[in-house]
Every structure is written in structure tokens, then in C-alpha cells.
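**Q** Remember, this note's numbering sits 72 above the position in the sequence shown when you count from 1.
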Amino acid sequence: MDQYVIKGGNPLYGEVEIGGAKNAALAILAAAIMTDETVTIENLPNVRDINVLLQAMEQIGAKIERVNAHKVKINGSFIQDVSVDNEFIRKIRASYYLLGALLGKYKKAAVALPGGCDIGSRPIDLHLKGFRAMGAQVDIAHGLVEASADHLMGTHIYLDKVSVGATINIMMAAAMAEGKTVIENAAKEPHVVDVANFLNSMGANIRGAGTDVIRIVGVEKLHKTEYSIIPDQIEAGTFMFAAAATGGDVMVKNVIPKHLEATTAKLLEVGCIIEEFDDAVRVISNGRLQRTQVTTLPYPGFPTDMQPQMAVVLGIAEGTSTVTESIFENRFKYVDELTRMGADIKVEGNIAIINGVKKYTGARVNAPDLRAGAALVIAGLAAEGVTIVDDIYYIERGYEGFETKLAELGGKIERVSSERELQKFIMKVS
Ligand code: UD1
73 MDQYVIKGGN PLYGEVEIGG AKNAALAILA AAIMTDETVT IENLPNVRDI NVLLQAMEQI
133 GAKIERVNAH KVKINGSFIQ DVSVDNEFIR KIRASYYLLG ALLGKYKKAA VALPGGCDIG
193 SRPIDLHLKG FRAMGAQVDI AHGLVEASAD HLMGTHIYLD KVSVGATINI MMAAAMAEGK
253 TVIENAAKEP HVVDVANFLN SMGANIRGAG TDVIRIVGVE KLHKTEYSII PDQIEAGTFM
313 FAAAATGGDV MVKNVIPKHL EATTAKLLEV GCIIEEFDDA VRVISNGRLQ RTQVTTLPYP
373 GFPTDMQPQM AVVLGIAEGT STVTESIFEN RFKYVDELTR MGADIKVEGN IAIINGVKKY
433 TGARVNAPDL RAGAALVIAG LAAEGVTIVD DIYYIERGYE GFETKLAELG GKIERVSSER
493 ELQKFIMKVS
């Protein structure tokens with residue numbers, strides 16, 4: 073199994089280019105099958121979750137032409153089958169977007185119940201509630217969610233909880249339903265806006281994305297478009313925290329600074345200098361970090377997907393910090409791993425109490441999920457000695473060329489696939 077091996081202690085310096093947003097791309101790819109014309113999508117991140125979704129779309133008959141690693145052409149006119157199930161699609165949570173897309177276009181869909189990162193129970197009841205409110209019959213059988221409607225009707229939907237997935241999924245189905253749908257208490261994340269912009273570029277009529285009320289007037293047909301996905305705010309934030317933790321100076325390029333405000337605010341609080349440009353953010357850290365408090369919240373609050381990376385920074389900040397996780401109940405699984413690297417963290421319910429230590433010490437750790445895995449890599453880069461990160465499969469679901477980008481910034485990191493390669497790296501860096 074492949075691993076990352078890291079020799080810590082080198083501040084990161086230089087520039088890094090951020091790719092397209094994985095979570096926007098997953099929904100946009102699914103939505104692309106809603107027209108029979110060819111859709112071109114650019115700035116696609118070349119990561120595992122994206123490739124799994126494209127394969128699943130191909131399996132049901134969509135024509136996928138991968139122009140290059142970051143550009144794809146999709147034609148949904150050849151779709152024969154509205155049943156999506158294979159062992160890979162069950163592993164990605166965003167497979168649920170095919171429900172909204174297929175239900176909107178064909179008025180029926182059957183999609184394997186989603187998996188995804190194990191960060192707590194992740195129901196999809198709100199998605200299903202939305203589809204039912206539009207008149208669909210929704211059942212769960214044999215591990216599949218089956219939805220069908222004679223007429224998919226626009227309606228008024230109040231989401232009991234702010235959910236990115238439910239907002240986008242309902243928005244997709246409603247884009248091709250009859251009449252007007254209003255989604256209240258909608259998620260406001262940048263990728264919700266990106267998906268709405270994408271659908272509108274195909275001829276949908278969606279207003280209010282980015283606020284908590286989204287209004288959609290269904291249309292009968294959608295048409296071709298060419299669309300470029302927004303930059304990935306979580307990838308960007310990960311590099312910003314890596315700069316902070318290692319006491320580095322990194323220009324994070326191809327970002328929308330507005331999307332990074334919550335991250336930027338916390339980095340300022342811990343003592344970093346931040347310079348903002350039109351499409352870049354520079355993070356300068358002298359390695360002396362201060363304590364702070366953070367609570368994860370829906371956008372524009374601090375993103376839950378950045379919580380582990382933030383905790384790693386606070387683990388080596390002076391004083392006692394707290395991190396409160398308010399979105400998912402099981403998102404502190406990396407704490408045991410970080411403790412093995414010398415962190416002093418106590419978890420009480422959904423709060424991590426972090427007593428900053430002077431430094432981490434290298435150890436062999438497991439990536440428990442995508443973002444926590446990236447956070448452990450950051451810890452390894454900041455640590456004294458060698459860190460080995462196992463289960464990097466998770467990290468590759470969402471980060472393209474993670475180790476290459478970090479190495480270009482001066483991080484001593486390599487992806488190895490054998491004990492021999494591992495020992496070679498250790499010899500080289502010691
Ligand atoms: C998306 C992101 C994920 C991110 C999360 C929150 C994708 C593929 N994943 O996940 O990386 O961490 O947003 O920003 O885009 N909930 C329900 N019922 C539902 C749906 C959600 O109770 O039907 C709850 C969840 O358990 C969670 C909260 O609502 O507590 C928010 O979840 P949601 O925003 O839906 O997350 P995802 O869309 O799954």
C-alpha cells in the first residue's frame with residue numbers, strides 16, 4: 073500500500089496553484105447529463121472521487137470524453153439506464169447527485185446509497201424529503217435509493233438543517249420540474265452558487281443561490297454549455313495551514329479570496345500575516361503561533377472540512393485552544409494519531425481542548441479520512457523527524473498531486489510504495 077513519508081522541519085516557501093473545487097465538480101458533472109447536448113467542463117480536479125463518478129456516468133450510457141486531465145466533454149443523450157450501482161460509487165458520497173440529476177431529467181432514478189468519509193452518520197433524509205415534496209415516490213431497497221415521479225412538481229421546501237448536498241440535489245431536480253420551487257434555509261457554500269451558475273448557463277432559471285432562499289422555475293429542456301469550475305477553497309486552505317504550521321511563506325494562487333475569509337480570519341488570530349490579491353492569498357508565518365477558538369459552521373462560517381488542518385496548527389500554538397465541531401459528530405478521529413506525534417488534545421463531546429506543545433515528533437500514523445489525512449501530512453511537515461502516513465488512499469480522493477505540490481514548496485515528502493523506497497527516502501534525508 074502506498075504511503076507518504078515525510079521528513080519534517082522545513083518551512084514551506086514559494087507558490088502553489090490551486091485546482092478546481094472537488095465538491096463543486098462532483099455536482100456539476102452529475103448535472104451535466106441533464107441535457108442531451110454536449111457539455112464541456114474545465115478546471116476539473118483530477119482526483120479519485122471525480123474519476124469514480126465519471127466511470128459511473130459512463131456505465132449508465134453517458135458519453136465521456138476526457139480532453140485532458142482537467143477538461144471533460146459529457147453527452148447525456150445516450151443514457152439507457154437510470155440505475156447507478158457499483159462497488160466504487162457506493163464509496164463516494166456525492167453519488168447522490170445522480171439522484172437529483174436523473175430524477176429531474178428522466179423523472180426516475182435508482183442510485184446506490186452513498187458512503188463517503190467516515191466522519192459520522194450522514195443521512196440523506198433531507199434530500200429525500202425534498203424529492204417527495206416535489207411529488208416523487210422514494211423508496212430504499214437493496215441498498216439503492218429509488219425515486220420516480222409521474223409529474224415532478226415545483227413546491228416550497230424548508231430544510232430543517234443547512235445541508236449542502238440536499239440544497240444542490242433539490243435544486244437540480246427542481247431545475248427540470250414543473251413550476252416554481254422555493255428552497256428555504258438553503259446552504260450558501262460557494263459550490264452551491266457554482267452549481268446554480270452552471271445550471272443557469274445550461275438554460276435553468278435559478279435565483280438566490282448564495283442566500284438562504286433559492287427560487288427555481290423549472291424548464292423543460294437544458295442545453296449545451298462550456299463551464300469552468302471555481303477554485304477549491306479547501307485545497308487552498310490546506311496549503312494556507314501548511315504554511316502556518318511550518319513557519320513558511322506561501323503564495324496560494326488561483327483562489328477566490330472571498331471564499332477563504334473564515335480561514336484567513338483564523339490565521340490572523342494565530343499570528344500569521346496575510347496578504348490578499350485578486351486571485352491569490354499569501355500566508356507568512358514566523359512559526360510562533362497563538363492560541364484561539366474555532367467553531368465549524370455552514371458557510372460563511374469556518375468550514376468543517378478545514379477543522380483537522382486548523383487543529384494541527386493549534387496543536388503547536390502557544391496556550392490552550394478549543395475546536396468545536398458542530399456539523400459532523402465523528403470528526404476527531406485523527407486526534408489519537410496526532411497524540412502519537414506528541415499533541416496534547418482532549419476531546420469532550422464535540423469539543424477538542426488543545427494544549428499547544430512546542431513541536432510534533434514524527435511517527436507512523438493512519439489517515440482516517442480525507443481532510444484528517446491532509447492534516448496529518450501538515451503535522452508531519454512541521455514535525456521533528458520522519459512521519460509515515462498510511463492509508464493515503466483517502467487523501468487522493470480529494471487532493472491532486474498533493475505530495476508534488478508540497479515538495480515544490482520545499483517540503484521533504486515522497487509517495488512510496490515499498491519498504492525499499494521508504495528506506496531509500498529515509499537514507500536520503502537523514
Ligand atoms: C458536503 C461536502 C463535505 C462537507 C459538508 C459540509 C460534498 C461531496 N461533501 O457534504 O465535504 O464536509 O458538505 O460542508 O460536497 N444532514 C442531515 N440530513 C440530510 C443531509 C445532511 O441530517 O439529508 C446533516 C449531516 O449529517 C450534517 C449536516 O446536515 O450534520 C450537513 O451536512 P451536508 O451539508 O449535507 O454535507 P454533505 O453535503 O454530505
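Ideal Cβ positions, reconstructed from N, Cα and C, are used throughout, including at glycine.
1. Closest by CA to Y178, which one among M106, K143, I212?
2. Using three-state DSSP, classify I122 as helix, strand or coil.
3. Counting only runs that start and end within the segment 105-173, where is the alpha helix (DSSP H) found for 4 or more residues in a row?
4. Taking C-beta to C-beta, are A90 and E347 nearer than 7 Å?
5. Taking DSSP as the reference, what is the three-state secondary structure of F203?
6. Taking 6 Å as the cut-off, is the beta-carbon of R120 closer than that to any non-hydrogen atom of the ligand UD1?
7. Can we say the segment 326-340 touches the segment 273-290, given the rule of at least three CB pairs closer than 8 Å?
8. Is there contact here, the segment 470-486 with the segment 97-115, by at least three beta-carbon pairs under 8 Å?
9. Considering T367, what are the terminal residues of the beta strand (DSSP E) in which it resides?
10. Could you check where the beta strand (DSSP E) with N277 kicks off and where it finishes?
11. Mind checking T392: buried by the 16 CB within 10 Å criterion, or exposed?
12. Tell me which residues share the same chain as D211 and place their Cβ nearer than 6 Å to its Cβ, disregarding the 5 neighbours each side in the sequence.
13. Going straight from the alpha carbon of E298 to that of E114, what length do you get?
14. Tell me, to the nearest whole angstrom, how far the beta carbon of L386 is from that of I426; I am working on the premise that it is less than 8 Å.
15. Which partner residues of R287 appear in the DSSP bridge assignment?
16. From what residue to what residue does the alpha helix (DSSP H) around V501 run?
17. Do A389 and V342 have their beta-carbon atoms positioned less than 7 Å apart in this structure?
18. Which first and last residues belong to the beta strand (DSSP E) in which R487 is found?
19. Would you check if there are 3 or more beta carbon pairs closer than 8 Å linking the segment 74-83 to the segment 232-249?
20. When the Cα atoms are used, what is the spatial distance from I417 to I450?
21. I'd like the span of the alpha helix (DSSP H) that includes I242, first residue to last.
22. Is any heavy atom in the ligand UD1 found nearer than 6 Å to the beta carbon of G414?
23. The beta strand (DSSP E) spanning R436 covers which residue range?
24. Using a Cβ-Cβ cut-off of 7 Å (strictly less than) and excluding sequence neighbours within five positions of N438, which residues of its own chain qualify?
25. If you compare alpha carbons, which of G309, L116, R204, G215 is closest to G226?
26. Quick check: the Cα distance between L200 and A96, rounded to an integer number of angstroms?
27. Under 6 Å from any heavy atom of the ligand UD1, does the C-beta of S167 make it?
28. Is any non-hydrogen atom of the ligand UD1 found closer than 6 Å to the C-beta of V236, if you look at the structure I gave you?
29. If you drop the 5 nearest sequence neighbours on each side, which residues of the same chain put their C-beta closer than 6 Å to that of A221?
30. Pick helix, strand or coil for E468, following the three-state DSSP scheme.
31. Among T459, E472, I467, F474, whose alpha-carbon lies nearest the alpha-carbon of F497?
32. Apart from the five residues just before and just after A104, which ones in its own chain have a Cβ nearer than 6 Å to its Cβ?
33. Starting from H214, follow the alpha helix (DSSP H) in both directions and report where the run begins and ends.
34. In angstroms, rounded to a whole number, what distance separates the CA positions of P370 and F400?
35. Does the distance from the CB of N118 to the CB of E475 come in under 7 Å?
**A** A quick look at the data gives this:
1. M106
2. helix
3. 120-131
4. The question names Ala, yet the displayed sequence has Ile at residue 90. Cβ atoms of I90 and E347: not closer than 7 Å.
5. helix
6. no
7. no
8. no
9. 365-367
10. 277-279
11. exposed
12. E218
13. 8 Å
14. 5 Å
15. V254, R279
16. 491-501
17. yes
18. 484-488
19. no
20. 17 Å
21. 236-247
22. no
23. 436-438
24. E409, D462, D463
25. R204
26. 20 Å
27. no
28. yes
29. K179, G207, A208
30. helix
31. T459
32. V111, I146
33. Counting along the chain, H214 falls outside any alpha helix (DSSP H), and DSSP gives it neither H nor E.
34. 11 Å
35. no
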